[in-house]
Structures are given as structure tokens and as C-alpha cells.
Amino acid sequence: MSFLSYLISGISLGSIYAIIALGYTMVYGIAKMLNFAHGDVIMVGGYMSFMATSYMGWSPVASVFLAMAVCTLLGIIIERLAYKPLRNATSLAVLITAIGVSYFLQNIALLIWSSNPKSFTSIVSFDSLRLFDGQLIISSVTLVTIAACIVIVCGLTAIVRYSKIGKAMRAVSEDKEAAQLMGIDINQTISVTFAIGSGLAAVAGVLLCSAYPLLMPTVGAMPGIKAFTAAVFGGIGSIPGAMLGGILLGVIEILGKAYISTELSDAIVFSVLIIVLLVRPTGLLGKKISEKV
Amino acid sequence: MKKYRILCMALALVMGLAVLAGCGPQATQSTTIKIGGIGPLTGGAATYGTSVANAAKLAVEEINALGGLQFELNFQDDEHDAEKSVNAYNTLKDWGMQVLCGTVTTTPGVAVSAEAYADRIFTLTPSASSPKVVEGKDNIFQLCFTDPNQGIASAQYIAEASLGTKIAVIYNNADAYSTGIYEKFASEAKDKNFTIVNVTTFTDDTATDFNVQLSEARNAGADLIFLPIYYQPASLILTQADAMGYKPKFFGVDGMDGILTMENFNTELAEGVMLLTPFAPDAGDEKTVAFVNKYKERFGETPNQFAADGYDVIYAIYEAGKKAGIKGDMSAKDICDKLIKVFTSSDFSVDGLTGENMTWSTSGEVSKAPKGMVIENGVYVGMQSGK
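Top to bottom, those sequences are chains L and A. The working numbering puts the first residue of the first sequence at 2, with every later residue one more than the last. The working numbering puts the first residue of the second sequence at 166, with every later residue one more than the last.
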């Protein structure tokens, strides 16, 4: 029974990683860049929801939409100001810029909200699920997180596969120049990708803070890095891969903590990552790309 | 080349004058003792530093109103960062600090105490609790318990009050404070009337999910969880224990102080949480009542243990200063030597908010009796032994 409860904790944590990882993977798949500021957009989402519910008395659901709106806008602005001018620069320059944006967001948050931690009120307020005479308790946040993750993955897959903008995304991802020649507006496509990724970050932020209700300007940093790991683990650029990678990472982390050592949990997670990448360098579901020389 | 030589000489002259100018006003300073304070006034640990600074200010005002020995306080922010703390220390030294009240937190405390030791500035820290702060430095003293002593005192308190028989511990093994308390707690627990049934850890990077640690404690049948950690992760532990329907007793140390003032925290979750701290704002004695009322009136919140520590530091310096006969026109080194002599003398003791008859050993550690507190209806209440 305790195994089941650990497994569910792991899936819950993994679902949050998965939602964050989707943002990394989409941006990487289409713009071929690592947006390291993604973790900090999560933090902004958390703070937006917190402000809306605690200071303005909004309902939790409305606060999620506000967080999504603000983060979507933030994503577009970041892309316009920081990444678009570097569209043709080396990938290293873009990477450094992303890290700069990450620090910028953290420090702005420090100025606005100070680093005094705030306790986040969970947006989910119904009772936890009790199974087997209360031996197995699944918290309501866990249920909502897992459900949200599934809905988001299905929705994203559908958008990418069937919508017009999804087609454009796939085309840009396949070959930027060719897509441009076919009349696809690359800049707009990339902006939309950032908008979707940042909107997802807001959802992830709210869910993260609901499950672990401690809100600080650095709250997104570590989950961001773990989710990036998850995206690489699952095969960066692949949507199902991000989900698989995220959930596996969460489960390995929790089970490693439970059955091997609480002290070594991160070491275990990253060793698994190294082993997987040694065997399959493109990640679990990554496409094999032969480099042209 | 010649031009440069003249420039250099001019520069040297200006610098020389600046040094002299620095000396001038200090030599003719009145008899006010300049006390420097260092602690986090902003940042994650701001609640500790602000409390100390407020209470120290209060104490200085009271003492100055008495006539006699006069103090001037200058409190600098270090954001709980060792490097910034040393910068703050240098700022204070330039200001002419003669006695240091600080630092508030441990990691900066280790760095600053080394500087203060080298500069021979008498230092009494309100709450930097690691033994590393005072070790081998004859002019650095602590007003708070050292970390190991908190571990020992917690084990003794739990045993004497029979608070639990099966104890689980969750501590941060990446933090010297947390690990230090745990180690002493574990060794002290060996011959007590309780057993440690489960020990789990976390680090700053994994301080999000505590389901595993809590499940393990529950599976081991723990009826009390000892949390030698700060209040931020503790707030997550309380929330997650509540979500999984696990209701053991929780016992914390002074790092737990601050949990009630965390913004938006549901204080119902902290109901019944016990912590070992030397100060109880609800205590009925005259001194505490007067201090709490004054502090509330002035700063609009109930003072915590750190405030009491800060208040006691200033009064301890005052008492010792009166006895040693220090004056504002003495050098920091002379004041330092005189105060060390008084602090380590056997007939010097201070009755403060955080303990009666506080005395200091030559190593700089304080000796006083801790008080157990429990959170009831969102406020700290003194714990009755055997409850």
C-alpha cells in the first residue's frame, strides 16, 4: 500500500515536471533554443495567482486564467525583446541570453514581492480521495495535477497535429528556410510557441505551488532544471517524450527517496538520466537525427 | 614622468589628510558608545534581522533615557549573506563602531566574527548559534544557545516532559545548523526514555516533496516528529502531513520561530506545534510583559525570540559596560579587553528576557535554561512540563 502511495506521489510530482517540460520541448522543437527562463515564468505564474486570490479576492479558477494571461504576455514580450534580435546569432549567445532573462525575472520578483516566503493557498479545495478504508489517501491537488497533465498533452498533440498553426510549427521545426519560402511567417509561429509554452508554465506554477505551498522568487529554479532534464530524458522536441520523461523523473525521484535513500534522491535521478543518455543519446522518444557534415 | 610624480605626491598628500580627518572627530567624541548591529533586514531571513534591530533600538532608547552610559546604534543589512555581512562590518568599522551586536544569522556570523576577532572588537551575537562563531575567539560571545546545545536541550525536554516515545527526525543534511542539532540530539537520545525510530533528510534542492519522509515516519509508528529545521520547509511538512491525514506531535527548535508570521500561512496547521526557545511572549513576569507591550505598541507585532535576543544583547553590554567602566572615548580594543574580563568573570550574570542568571564561559557560550513553547490559537504559549 505504501508503494502505491509513493507511486502516486511520484506521478503527481512527475506530472508537474511534465507540464513544465512541455514548454521546454515545444520551444526547443520549433525555435531550436533552450529557454532557461522557463522556470522563472512558472514563478511569475504562481505569484499572479497568489496575488489574485489573496489580495484581490478572486476565485481560484479566475486566478489561474489571470496567471495564464500574464505569463502568455510575458512569454511573448521576452521572445520579442530578448530572443528575436538574436534569431541569427549563435546558439551559445541565445543560451546565455536565456540565463540572463532567468536572473532578471528572479531579481525583479525579489524587488516586487521580496524574498519573504509566502504560503500559497491551494486552488483545489475539494476533499482528498480515501481508498481502502483510508489506507491510501490521494490528495485533491494530485488528482487535479494528473488530470491537467493528461488534458494538456492531448490538447497540445491535437493542436500540433491538426490545426493550421500546428502545421506551421511542424514545418518551421522541420526546415526553417523552406517553411519561410512556403509563405509561413516564422516569427509569428515562434511567438505563438512561446505564448503556448508560457501559458503552460503558468498552469504548472499554480499546480506546483498548490501541491507544495511555499512561494519564493526562486521557486521555479529547481523544478525548471528538473523539467529540462525530463525533456532531455524523454527526447527533447517530442511532446509525448516530455510527458513520459517528466512522469518517469518524478516517479524515480520519489521511489529512490523511499526505497534507496532520502539523501541520494537527486543523485539517483541524474544517474538514471546519464545511463539513459549513454544508451539512447536522443532520449527515450527522441528522433534519430544523422548530422550532416 | 615628472608630471606623474607630482600627481602621485598630491594624491599621497590628499590620502594622508583623509586619514587624519578620519581621526579628528573620533578623538573628541563625547562619551557615547557606538554599537554596530548586523543582520538581514531584507531577504529570506529578514524577519530575524528586523526583530533584532527593532528590539535593540528599543533597548538603546531605554538605556539612554536612564542617563549614565549612552549608546548609539547603527544597524546594517547583510541579507543573510556572508560577503555582504563583511561589507556591512567594514561600513560599521569606518563609522567608528566600538562594540558589535551581531550577526543575527550563523553563516555570516562565522565570517564576521573572524574579522571582529582580528580587529579586537567586542562582539555579542544575539542568535548566530553555531559553535564555529565563537570557537577560538576570546572576544566573541553568544547570547543564544549553540546548535549542539539546542539538540541536547530538545532531547532532555522531550524526555522530561514525556512528550513521545517513538521519535522520527526530518532534517536538512545540506545545512550545518540542522545537521549540528540533529547529531547532538541523536547522541543525547541514546539513554533517554524514547527511541528514534526513523531519520530522513532533505536538501535545499529537494525541499518540496516530503510525502516519503512523512510516510516513513508514520510507518515507523512515530508519535512525535523532531524538526531541527527552519520554518519554510517546516511549513511544507505541516501542510503535507495534514493533507495525508497524519497528525503526530511536531517539535521544533528556534528556526521554527517565524512560522506564524509567514504571509498567508494557515496557522491552524501549526496548532499544537512545540518548539524550544528561550523566550515566551506570553510569560507573566514583569520584564516580559513590559517589553512585549512596548514592542507591540511601537512595531505593531508580537516580538519573537529574536527580538528578545536583540534586547538582551544591548542590556548585557550595558550591564557589563557599567561594571567595566567603559567610556565612549576609549578605543575599541580597550573596551574589548574590559568587557571580556567582565563577561568571563564568575560574579557576572545578566537577568534578561531570554533567561535568568545568564552566564558566559571563556569559550563564549552562554548558559541559561530553555523554555518549551507550544502554539495554541495561533500564538506561542509557555508549555507546562508533563503536559
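Every residue gets a Cβ at the ideal spot worked out from N, C-alpha and C, and that includes glycine.
Open item on the list: Tell me the rounded alpha-carbon separation between residue 257 of chain A and residue 198 of chain A.
Closed with: Computed Cα separation, rounded: 13 angstroms.
- [ ] Using a Cβ cut-off of 8 angstroms (strictly closer), state whether residue 211 of chain A contacts chain L.
- [x] Judged by the 8 angstroms Cβ criterion, residue 211 of chain A is in contact with chain L.
Task: Segment contact flag, the stretch 326 to 345 of chain A with the stretch 381 to 394 of chain A, C-beta cutoff 8 angstroms, min 3 pairs - done: Yes, they touch.
- [ ] Note down, in chain order, each residue of its chain lying with its Cβ closer than 7 angstroms to the Cβ of residue 27 of chain L, except the 5 sequence neighbours on either side.
- [x] Within the same chain, residue 27 of chain L has close Cβ partners 194, 197 and 198.
Open item on the list: What does the alpha-carbon distance come out to for the pair residue 186 of chain L and residue 430 of chain A?
Closed with: So the two alpha carbons sit approximately 48 angstroms from each other.
Task: When A:202, A:497, A:345 and A:516 are compared against residue 319 of chain A, the one with the closest alpha-carbon - done: The option with the nearest alpha carbon to residue 319 of chain A is A:345.
Task: Proximal chain A residues relative to residue 259 of chain L, where beta-carbon distance stays under 8 angstroms - done: Going along chain A in sequence order, the residues near residue 259 of chain L (Cβ under 8 angstroms) are 377, 380 and 381.
TODO: To the nearest angstrom, report how far apart residue 278 of chain L and residue 166 of chain L are at their CA atoms.
DONE: Using only the alpha carbons, I get a separation of about 32 angstroms.
Task: Proximal residues to residue 353 of chain A (C-beta, below 6 angstroms), its chain only, five neighbours per side dropped - done: So the list reads 317 and 320, once near-sequence residues are dropped.
Task: Contained alpha helix (DSSP H) runs [length at least 4] in the stretch 67 to 123 of chain L, N- to C-terminal order - done: Qualifying alpha helix (DSSP H) stretches, in chain order: 92 to 114.
TODO: Please go through the same chain and pick out, in chain order, the residues whose beta-carbon is closer than 6 angstroms to the beta-carbon of residue 127 of chain L, but skip the five residues on each side of it.
DONE: So the list reads 141, once near-sequence residues are dropped.
Task: Candidates A:267, A:223 and A:481, of which the one nearest residue 241 of chain A by Cα - done: Closest option to residue 241 of chain A, Cα to Cα, is A:267.
TODO: Return the residue from the list L:59, L:84, L:104 and L:105 that minimises the CA-CA distance to residue 95 of chain L.
DONE: That would be L:84, whose Cα lies nearest to the Cα of residue 95 of chain L.
TODO: Assuming residue 219 of chain L contacts residue 274 of chain L (C-beta within less than 8 angstroms), just tell me the rounded distance between them.
DONE: No, residue 219 of chain L and residue 274 of chain L are not in contact; Cβ-Cβ is about 22 angstroms, not under 8 angstroms.
Open item on the list: Taking 8 angstroms as the threshold (beta carbon to beta carbon), is residue 255 of chain L in contact with chain A?
Closed with: Between residue 255 of chain L and chain A, the shortest Cβ-Cβ separation is below 8 angstroms.
Open item on the list: Do residue 121 of chain L and residue 210 of chain L count as a contact pair if the criterion is CB distance below 8 angstroms?
Closed with: Yes, the Cβ-Cβ distance between residue 210 of chain L and residue 121 of chain L is below 8 angstroms.
Open item on the list: Using a Cβ-based criterion (distance less than 7 angstroms to any ligand heavy atom), does residue 223 of chain L qualify as near the ligand ATP?
Closed with: Looking for the ligand ATP in the displayed structure turns up nothing, as the structure carries no ligands at all.
Task: Listed by chain order, chain A residues near residue 267 of chain L by CB distance under 7 angstroms - done: Within chain A, 370 and 371 have C-beta atoms less than 7 angstroms from the C-beta of residue 267 of chain L, given in sequence order.
Task: Residues near residue 400 of chain A by beta carbon distance below 7 angstroms, same chain, minus five either side - done: Around residue 400 of chain A: 424, 427 and 430.
- [ ] Take residue 190 of chain A and list the residues in its own chain whose beta-carbon comes closer than 8 angstroms to its own, dropping the five residues that flank it on each side.
- [x] Residue placement at residue 190 of chain A is flagged as unreliable, the pLDDT there being 41, under the threshold of 50; a coordinate-derived value is accordingly withheld.
- [ ] Report the neighbours of residue 140 of chain L on chain A: residues whose CB is nearer than 8 angstroms to its CB, in chain order.
- [x] Those are 408 and 409, listed as they occur along chain A.
Task: Runs of beta strand (DSSP E) lying entirely within the stretch 265 to 300 of chain A, each at least 3 residues, in chain order - done: Entirely contained in the stretch 265 to 300 of chain A, the beta strand (DSSP E) runs reaching 3 residues are, in chain order, 287 to 290.
- [ ] State the CB to CB distance for the pair residue 547 of chain A and residue 447 of chain A, rounded to an integer number of angstroms; the pair is presumed to be in contact (CB under 8 angstroms).
- [x] Contact flag correct, Cβ pair sits at about 6 angstroms.
Open item on the list: For residue 297 of chain A, count the other beta carbons within 10 Å of its own beta carbon; 16 or more makes it buried, fewer makes it exposed. Which is it?
Closed with: Taking a 10 Å sphere around the C-beta of residue 297 of chain A, we find 16 or more other C-beta atoms and assign the residue as buried.
Open item on the list: Residues of chain A with CB closer than 7 angstroms to the CB of residue 122 of chain L, please, in chain order.
Closed with: Residues of chain A with a Cβ closer than 7 angstroms to the Cβ of residue 122 of chain L are, in chain order, 429.
- [ ] Report the three-state DSSP secondary structure of residue 229 of chain A (helix, strand or coil).
- [x] Note: residue 229 of chain A maps to helix in three-state DSSP.
- [ ] For residue 30 of chain L, collect the residues of the same chain with a Cβ closer than 6 angstroms to its Cβ; drop the 5 residues on either side in sequence, then sort them by chain order.
- [x] When the five nearest sequence neighbours on each side are left out, the beta carbons in the same chain lying within less than 6 angstroms of the beta carbon of residue 30 of chain L are those of 174 and 238, in order along the chain.
Task: Close beta carbons around residue 244 of chain L, own chain, < 8 angstroms, minus the five adjacent residues each side - done: Correct list, in chain order: 19, 22, 23, 150, 154 and 235.
TODO: Answer with yes or no whether the minimum CB distance from residue 400 of chain A to chain L is below 8 angstroms.
DONE: Taking Cβ atoms only, chain L reaches closer than 8 angstroms to residue 400 of chain A, which makes this a yes.
TODO: Report the partner residues of residue 414 of chain A according to the DSSP bridge assignment.
DONE: Paired residue(s): A:389.
Task: C-alpha distance - residue 358 of chain A paired with residue 398 of chain A, whole-angstrom precision - done: Cα to Cα, residue 358 of chain A sits roughly 28 angstroms from residue 398 of chain A.
TODO: Assign residue 163 of chain L to one of two classes, buried (16 or more other C-beta atoms within 10 Å of its C-beta) or exposed (fewer than that).
DONE: With fewer than 16 other Cβ atoms from the protein chains shown falling within 10 Å of its own Cβ, residue 163 of chain L counts as exposed.
TODO: List the DSSP bridge partners of residue 215 of chain L.
DONE: Bridge partners of residue 215 of chain L: L:120.
Task: Status (buried if at least 16 other CB within 10 Å, exposed otherwise) for residue 477 of chain A - done: Its Cβ being crowded by 16 or more others within 10 Å, residue 477 of chain A is buried.
Open item on the list: Helix, strand or coil, according to DSSP, for residue 7 of chain L in the structure here?
Closed with: Assigned with DSSP and collapsed to three states, residue 7 of chain L falls in helix.
TODO: Consider the Cβ of residue 338 of chain A: report whether some Cβ of chain L lies at a distance smaller than 8 angstroms.
DONE: So, interface residue.
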